[in-house]
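Below is one structure; the comments refer to it alone.
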Amino acid sequence: MQSTHIPQSALAVLAAAAARGSGIDPFSDYLAGPYFCELTRLRPGDGGAAAIVRARIGAIGLDALRARASAAENDLINLGITFTVYSDATAIDRILPFDCIPRILTAAEWRQLEAGVKQRVAALNLFLHDIYHERHITNDGVVPADLVYGNANYRPEMEGFPVRFGTYVHICGTDVVRDEHGNFLVLEDNARTPSGVSYVVENRHLMQRAFPDILAGMRIRPVDDYGRRLLSAMCEIAPVGVEEPQVVLLSPGIYNSAYFEHVFLSREMGVPLVEGADLFVENDRVWMRTTAGKRPVHTIYRRIGDDFLDPTVFRPDSLLGVPGLIGAWRRGNVTLANAVGTGVADDKAIYAYMPRIIKYYLGEDAILPNVQTNICREKDGLAYTLANLDQLVVKPVGESGGYGITIGPRATLAEIEAARVALVADPSNWISQPVISLSVAPTLTEAGIRPRHLDLRPFAVTGRDTWVLPGGLSRVAMKEGSLIVNSSQGGGSKDTWVLEEGEMAP
Amino acid sequence: MKRNTLLARYAESLFWMGRYLERVENLARLIDVTQNFESPGREAESWFAMIRINADEEGFAKGGLPPTADNVKRFYLLDRDNPTGIPASLEAARTNARTLRPLISTEMWMQMNVFHRDMLSIQEDELHGDRLSRLCGRIKEGVQAHTGITEGTFYRDQGWDFYQLGRLIERADQTTRLLDIRYHLLVPGEAAERKLAELTQWGGVLRAVAGYHAFRRVAPPGFEPVDVVGFLLRDTSFPRSVALCVEQIEYHLGQLRSRYGLHGTVAALERVEELRAGLIGRPINTIITDGLHHFLDGVQRDLILLAAEIGTAFFRDWRPLAEGQSQSQSQG
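Protein chains in written order, with this note's numbering: chain C, 1053 to 1558; chain D, 44 to 375.
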């Protein structure tokens, strides 16, 4: 509900709910602890929104809240708004658990997030252009050359290849967390094929269906413009001279865990969802197979990884891609979004350098800081890390993912000593970070309304310019104390509100 | 507005989604009518007739079970491994719908999901007594809800025509199979007694296709079986008659050609011509004298050829031929 008009029906629902309510405030036993709470911490400029939401949830009462939340989740199953989890050769369609208590961002908070995301996307694109062309940044010694050119995600195929508007990362998801003071910190950039945006829009729809009384009269930024913005960007980046570009979304198909999102995006853009077998390359042009024969394709929003795009260039065993696609692309006859080779920029090894990368290209400080990161290949970083091993999270860089992490405060003495040995043996392989106390938000649990940790992934779309979808995906760790918000590990999500300026309706 | 194009893969999925759902509805109708035909002491024969008219003797034999009434019911209503049964047909329809999610309406997809979940929960005890007929009613209504939602929400571009082609081909095929049920159910007894029993059976066939009352409105006072056969084959006002299906198939092929400029329709239209000629070329009496079963076999063969022509013209292209037919959709 983005209008200021409060529907009478919503008021009636609210009044009825209040009358039914037990009178016990479900927030009465809510304690956020040492963490920053996204709803109960007083923030300037929320226009009273947080207090209204608390009051409305109180009026509905825990029992009704649970019943409605469960009905809403059942709707998600029926609507097939699901992702697929594969285990032991069985596929299970799961919903992303939905928590009905919204997460609220003030207009001022959003201004910082939006500016910070745009700045980061600009820096990532300038960095990618540079490393695939002049290589100033490594020649100037700002980022170590081996980290870039020795990176598994660096693609020599991209060297010297021009992309329109210098945009490599057309769709970017920036993972942001909040520390105990409420400061926003970037945890990770996702510059390959970030997912989750469909849930941002579907969560709002779900909220509107199931909790109109919580939303009534709230002045919040709409989220349903994403498809139109995305399609505009995809048309902008089409090869020069194409009047009415044919955009398609390339998906691995119905068995992919993110298939629902692919469906969502193709529908929101109004373009065909294609699989590799629907496309073919002839004379370095890409065509799709239709009932009327072949039709040209100009922009491909691909939701498959670089490795699988073209079996003649990358993995020869890939059945998902299109033979000859890279050739057509290098000829400038088709545009790929995101560009090939963006993975080098969102790598953990490069992440540590992002504040310097931003400074190098834009002459600005990062609007959204990194989590403080000590680079152990540098003398100071190594010394600090070795001196504070019991306080720090030590992570290997490069390909190893979640392996080899030592969390100082939870490690045994022997584990810390093992980390020390590994660090000294090969400092370049390590970074360290302080343990972040992620912010929490009130979340409906079996025990009542309880604090749960969460993060935020805003989505930026870039063609000629960058646009950021107001809000983003708030992922919630549904287990007490857990910091793991990933959907594959039981994380849920919340509707994320970006407030307009001014007072809310009471 | 953007030019109307349709991926060949989507066209194929629409065609098959339509076919599979029509098959589900007709299987429910067949089961319902078979139960009504059950004559005391001869239940197994009645149910085995269903296996025969679906040409499922081989598939049923694989299970190694005796052809009792219960086993046949299970074969069509519970056995997910039987590719011609209701669970597998509905599964295939839903898989096609899943492929089509970018195209079909949200309401279509949601109903399909709910229907699919309902059908997966069918219990053994619903196969018996008065519950079976109610179960068949629920299945029919599930498909009919799909049909209504599709009629009211699905965008009418060429995809609609492919969807209708699949439904109509399957419907025509199923009506011939239902007619064929008479051939497999020989009634013992004296001539007069037999005639009465036959008429009762024909009444059952008509009820199974919801055509009983319409038939009574147009049938001559002292109607004969030949009139029922004529009605189900040739009455172009009856929604499930073979002739109306053929007429509508021709209409949709014509739409593909004239409205969307698809040129692959020539061979298919020729098949339609042959089908129509076969249907109206001879008096019904002659068809029956020459052998109804043989005639219906011919119609079924022509429908298979028609489906093949549509496949060759519009679907075959998207998949490399070397890979052959898709796993679940190769059956005629």
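Beta carbons are placed, not taken as given, at the ideal position from N, Cα and C, and that holds for glycine.
- Below the 9 Å Cβ cutoff, chain C contributes T1343 and A1344 as neighbours of Q201/D, in chain order.
- Only I1306, V1315, S1318 and R1319 from the stretch 1305 to 1323 of chain C bring a Cβ to less than 7 Å from some Cβ of chain D.
- The beta strand (DSSP E) runs lying completely inside the stretch 1480 to 1554 of chain C and spanning 3 residues or more are 1482 to 1486, 1492 to 1497, 1500 to 1509, 1511 to 1514, 1518 to 1520, 1525 to 1528 and 1544 to 1550, given in chain order.
- Under a criterion of Cβ atoms nearer than 7 Å, the residues of chain D adjacent to V1326/C are, in order, L50.
- Taking D1399/C as the centre and dropping the five residues before and after it, the same chain places the C-beta of N1203 and N1205 closer than 7 Å to its C-beta, in chain order.
- Sequence-distant partners of R1337/C (beyond 5 residues in either direction) whose C-beta falls short of 7 Å from its own C-beta, in its chain, are P1348, A1380 and N1385.
- The beta carbons of G1460/C and Q1443/C sit about 5 Å from each other, so the pair counts as a contact at 8 Å.
- Distances from the alpha-carbon of N114/D to those of L346/D, S89/D and H159/D put S89/D closest.
- Collapsing the DSSP output to three states places I327/D in a helix.
- Taken in chain order, the members of the stretch 283 to 313 of chain D whose beta-carbon sits within less than 9 Å of a beta-carbon on chain C are L299, Y303, G304, L305, H306 and G307.
- Partner residues in the beta bridge of W1339/C, as assigned by DSSP, are F1332/C and P1348/C.
- Not flagged as an interface residue toward chain C: N328/D, since no C-beta distance is shorter than 9 Å.
- For secondary structure counted as the alpha helix (DSSP H) over 4 or more consecutive residues, the stretch 139 to 227 of chain D holds these complete runs in sequence order: 149 to 163, 173 to 196 and 201 to 227.
- By the rule that beta-carbons nearer than 9 Å mark a contact, D1330/C touches chain D.
- Residues of the stretch 1121 to 1150 of chain C with a C-beta atom less than 9 Å from some C-beta of chain D are D1127, I1129, N1130, L1131 and G1132, listed in chain order.
- R1281/C has its alpha-carbon roughly 26 Å from the corresponding atom of W152/D.
- Between G1376/C and G1500/C, the alpha-carbon positions lie close to 56 Å from each other.
- Relative to the Cα of A136/D, the nearest Cα in the group G102/D, K105/D, T190/D and E101/D belongs to T190/D.
- Only those residues of the stretch 1257 to 1268 of chain C whose C-beta falls short of 7 Å from the nearest C-beta of chain D would be listed, and there are none.
- No Cβ-Cβ contact shorter than 9 Å links L1302/C with R1383/C.
- Neighbours of M1340/C in chain D, taken as residues whose beta carbon is under 7 Å from its own, are L50 in chain order.
- Taking L1083/C as the centre and dropping the five residues before and after it, the same chain places the C-beta of P1503 closer than 8 Å to its C-beta, in chain order.
- Taken in chain order, the whole alpha helix (DSSP H) runs of length 4 or more contained in the stretch 1177 to 1219 of chain C are 1188 to 1191 and 1197 to 1201.
- Interface annotation, R1347/C: in contact with chain D, CB-CB separation under 9 Å.
- At the C-beta level, G1357/C and T1245/C come within 9 Å of one another.
- Counting along the chain, no alpha helix (DSSP H) covers I1156/C; the unbroken beta strand (DSSP E) around it starts and ends at F1150 to L1157.
- Of the other Cβ atoms in all chains shown, fewer than 16 fall within 10 Å of the Cβ of H337/D; this residue is therefore exposed.
- Taking 8 Å as the upper bound for CB-CB distance, V315/D and V285/D are not in contact here, some 12 Å apart.
- Within the stretch 165 to 184 of chain D, no residue places its CB atom closer than 8 Å to a CB of chain C.
- Less than 9 Å separates the beta-carbon of D1231/C from that of S1489/C.
- In the DSSP assignment, C1224/C is bridged to A1512/C.
- The three-state reading of DSSP puts E1416/C in coil, since its state is none of H, G, I, E or B.
- Judged by DSSP in its simplified three-state form, P1078/C adopts coil rather than helix or strand.
- When the five nearest sequence neighbours on each side are left out, the beta carbons in the same chain lying within less than 6 Å of the beta carbon of A1290/C are those of P1297, H1350, T1351 and T1387, in order along the chain.
- Inter-residue distance for G1248/C and Y294/D is about 44 Å (C-alpha atoms, whole angstroms).
- Between the stretch 62 to 80 of chain D and the stretch 105 to 121 of chain D, the count of C-beta pairs closer than 8 Å reaches three or more; the two stretches touch.
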